[in-house]
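Number of protein chains: 2
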Amino acid sequence: MMKNKKVSMAVIRRLPKYYRYLTDLLDNDIKRISSQELSKLTDFTASQIRQDLNNFGGFGQQGYGYNVEDLHKELGRILGLDKTYKAVLVGAGNLGQAIANYRGFEDSGFKIMGIFDKNPKMIGIKLRDVEIEDVDEMSNFIKENDIEIGIICTPKEGSQEIAEEMVKNGISGIWNFAPADLKLPEEITVENVHLNESLFTLSYLLKEND
Amino acid sequence: MMKNKKVSMAVIRRLPKYYRYLTDLLDNDIKRISSQELSKLTDFTASQIRQDLNNFGGFGQQGYGYNVEDLHKELGRILGLDKTYKAVLVGAGNLGQAIANYRGFEDSGFKIMGIFDKNPKMIGIKLRDVEIEDVDEMSNFIKENDIEIGIICTPKEGSQEIAEEMVKNGISGIWNFAPADLKLPEEITVENVHLNESLFTLSYLLKEND
DNA sequence: TAGATTGTTAATCGATTAACAATC
DNA sequence: TAGATTGTTAATCGATTAACAATC
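Line by line, the protein sequences give chains A and B. 1 is the number of the first residue of the first sequence in UniProt numbering; add one for each residue after it. 1 is the number of the first residue of the second sequence in UniProt numbering; add one for each residue after it.
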């Protein structure tokens, strides 16, 4: 399913923020919002907001603005939040456990079906009803359960091999918390969360603002 | 200390990646590297790499390239990794514990001096030698220990108030994991890690690559 | 109808890439 | 010296902002 014109990454990364504020508005029973009001909330310009949304369709109405409920639903669809994804998580250390235990992700449609670790001491421990298994079991599990997303919470050592193993067994998207750049076929979607890089950026900016 | 020309955010966000690869090269005893070789590693163009680095100085040498050790050191200085920062962390839930337990941050010069939570059950528990205290103790702790960085790992509810409390007591930078945009004076540096937004982006891209 | 606000085109701004003289 | 590669200027590309006709 190829879209007419490719939407730029800059636009895509703003969508979740729109969605977040629209969820807030919906929770507060606000029925409509103009690009100008949304601009105040998000700190994006009204012009940019209208441009962004028009990549996907004309969701507004002249003289009125946007219907909050409709736009929220549309953005949810655009972001793929109306679907459910099955995931496995590898690396049940501090961060892996935190991710596995976080209820919010399941609410958004991401269900962690399996958790794997190579440390024998971790095997058998349950995190939210899912028992940690040996990482050697991962490949079979992915195949048998048609898993689409892999979450990598291992150290950088071994992360590339884990990712390749995931891809070999049919995974199409990876949420990577390991501080490494995975080299994978380009049809595989990789979203990195590099906490170290985020912290270093904070460090740079601190120095600059002195 | 105002730099001549303001370095763009796009450049700043690439610096940690340069630093990461230079650390690898250093570990592998590689003495020099050209912008072209660095381009292969980082997937940035050689031209962009040279432009980026020249925001901060002429670290290279014509006909030779860059000395790995020198450039690594310079980038560390630019990123402020030669300093030590004192931090407090608020919200010792799953994610907060993971951050507090992660050794890597201390190695980079970020020391978590205090951990706070509002849940009475958590108080007194130790995470890597730091005892969790009641969040009411936070303000005094920040003042008395000259804390510079606040790490917010609370739910979005209350995150704004915590941040304001931190700022009131002298904190100048915030690493924010709460899914909210903190409204703070502009001299305060805020670096967000919005895991939900990252996951939503992955979700969008998955759909697109089908 | 008059007022408001969108959708969209055009103008501007900024970031990336290309090119090459300088120089090690 | 000849070859390599930087630092930097100029050209290109893409993203943001401004403006306004369309229209609810």
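Ideal Cβ positions, reconstructed from N, Cα and C, are used throughout, including at glycine.
Coil, strand or helix - residue i by DSSP
| i | result |
| --- | --- |
| Leu81(A) | coil |
| Tyr66(A) | strand |
| residue 224(B) | Because residue 224(B) is not part of the residues shown, which for chain B are 1 to 210, the question remains open. |
| Phe110(B) | strand |
| Asp52(B) | helix |
| Met1(A) | Low per-residue confidence applies at Met1(A): pLDDT is 38, beneath 50, and the placement is therefore not dependable enough to give any value. |
| Ile12(B) | helix |
| Asp210(B) | coil |
| Gly60(A) | strand |
| Leu127(A) | strand |
| Glu186(B) | coil |
| Asp24(A) | helix |
| Ile132(A) | strand |
| Ile99(B) | helix |
| Thr154(A) | coil |
| Phe44(A) | coil |
| Lys6(A) | coil |
| Gly76(A) | helix |
| Gly104(B) | helix |
Beta carbon proximity, residue i to chain B, threshold 7 Å
| i | result |
| --- | --- |
| Pro16(A) | yes |
| Thr201(A) | yes |
| Glu157(A) | no |
| Gly80(A) | yes |
| Lys207(A) | yes |
| Leu95(A) | yes |
| Tyr204(A) | yes |
One or two residues paired with residue i in a DSSP bridge
| i | result |
| --- | --- |
| Asn119(A) | None; Asn119(A) has no bridge partner. |
| Glu164(B) | Partner(s): none; Glu164(B) has no beta bridge. |
| Ile149(A) | Ala87(A), Gly173(A) |
| Asn192(A) | Asn176(A) |
| Ile33(A) | Tyr66(A) |
Proximity of residue i and residue j at Cβ, strictly below 7 Å
| i | j | result |
| --- | --- | --- |
| Tyr85(A) | Ile149(A) | yes |
| Ala92(A) | Ile112(A) | no |
| Val190(B) | Asn176(B) | yes |
| Tyr21(A) | Thr45(A) | no |
| Ile115(A) | Val130(A) | yes |
| Ile152(B) | Val68(B) | no |
| Ala163(A) | Leu195(A) | no |
| Phe59(B) | Glu74(B) | yes |
| Val11(A) | Asp52(A) | yes |
| Ser198(B) | Glu165(B) | no |
| Leu127(B) | Ala98(A) | no |
| Ile33(A) | Gly65(A) | yes |
| Ile142(B) | Ile132(B) | no |
| Leu81(B) | Gly104(B) | no |
| Val7(A) | Asn54(A) | no |
| Leu206(B) | Gly173(A) | yes |
| Ala180(B) | Thr154(B) | no |
| residue 242(A) | Ser35(A) | Outside the modelled stretch of chain A, which goes from 1 to 210, sits residue 242(A), for which no answer is possible. |
Cβ of residue i within 7 Å of any chain A Cβ
| i | result |
| --- | --- |
| Ala98(B) | yes |
| residue 212(B) | Because chain B in this structure spans residues 1 to 210, residue 212(B) falls outside the shown range and cannot be described. |
| Ser198(B) | yes |
| Asn4(B) | Note that Asn4(B) has pLDDT 49, beneath the 50 cutoff, so the model's placement of it is unreliable and the number below is only indicative. Closer than 7 Å: no. |
| Ile12(B) | yes |
| Gly173(B) | yes |
| Val193(B) | yes |
| Asn101(B) | yes |
| Ser8(B) | no |
(message) For the pair the segment 25 to 36 of chain B and the segment 197 to 206 of chain A, tell me if three or more CB-CB distances fall below 8 Å.
(response) Not touching, per the Cβ criterion.
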